[in-house]
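*Asks:* Below: one structure in structure tokens.
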Amino acid sequence: MSTLKVDTIATTSGVTNNRVLQIVHATTTTEVTLNNNTETDTTLTATITPSSTSSKILVLVNHPTNQKSNQNSGNRGTFRLYRDSTEIDIIMDGGGYTASATTLRHSVSFQWYDSPSTTSAVTYKTTCQNAENSSYYLLQVNNSPSMMTLMEIAQ
């Protein structure tokens, strides 16, 4: 058996950027119920330590959700992505609407390309807010996992 060890792989023109340096994957199955208009931690977090201040982090998130609303009422879920304690963006607003007293099941997936500009550990997390007080919004029901994958991309 042979082992190939290299420091850097480059294109024929010498370019070494735009390659994946490391991948971190995290899951949670902790059920979260949102039945008021309060931003709540989804319990989904992942930490990565970039190897260079110029690295980018590709964040991939998937949350399975159940939404229940009263008849003729909307059910909006707002997801937010945080880098440490800083809100990066509101990812999704208006997650669903049910015109009858029923349950809507779906997944919310989103991606974010971040520039943390650090070589210190960075923690990403998501929160969700139910924007309808007459409804509820559930995450990770019946052990359905929410997932986050972080990829460090060389620049």
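One gets the working numbering by counting positions in the sequence shown from 1 and adding 10 to each. Every residue gets a Cβ at the ideal spot worked out from N, C-alpha and C, and that includes glycine. Remember, it's a predicted structure, so these values are computed and weren't measured experimentally.
DSSP three-state call for V16: helix, strand or coil?
*Replies:* Of the three classes helix, strand and coil, the one that applies to V16 here is coil, per DSSP.
*Asks:* Should T59 and A131 be called a contact, given that it needs their Cβ atoms to be closer than 8 Å?
*Replies:* Against a cut-off of 8 Å, the Cβ pair of A131 and T59 comes out as a contact.
*Asks:* Expressed to the nearest angstrom, what Euclidean distance is found between the alpha-carbon atoms of E97 and L91?
*Replies:* Taking the straight line joining both Cα atoms gives about 6 Å.
*Asks:* Would Y123 and T75 qualify as a contact pair, given that the criterion is a beta-carbon distance under 8 Å?
*Replies:* No, Cβ-Cβ distance for Y123 and T75 is not below 8 Å.
*Asks:* For N140, which three-state DSSP category applies?
*Replies:* Correct three-state label for N140: strand.
*Asks:* Would you identify the three-state DSSP class for N152, choosing helix, strand or coil?
*Replies:* In the structure shown, N152 sits in a helix (DSSP, three-state: H, G or I).
*Asks:* For I67 versus M161, is the C-beta spacing smaller than 8 Å?
*Replies:* Cβ distance < 8 Å, so I67 and M161 count as in contact.
*Asks:* Taking C-beta to C-beta, are T40 and T53 nearer than 8 Å?
*Replies:* Yes, these two residues count as a Cβ contact at 8 Å.
*Asks:* Please return the same chain residues whose Cβ sits closer than 6 Å to the Cβ of H73, not counting the five positions on each side in sequence.
*Replies:* Excluding sequence neighbours, H73 sits near V118, L149, S156.
*Asks:* Considering only residues of the same chain and omitting the five flanking positions on each side of P126, which have a CB-CB separation below 7 Å?
*Replies:* Same-chain partners within the cutoff: P60, I67, R93, V132.
*Asks:* Run the CB neighbour count on I100, radius 10 Å, all protein chains shown included, and call it buried at 16 or more, exposed below.
*Replies:* Classification of I100: exposed, given that the 10 Å Cβ count is below 16.
*Asks:* Where does the unbroken beta strand (DSSP E) through D51 begin, and where does it stop?
*Replies:* Residues 50-58.
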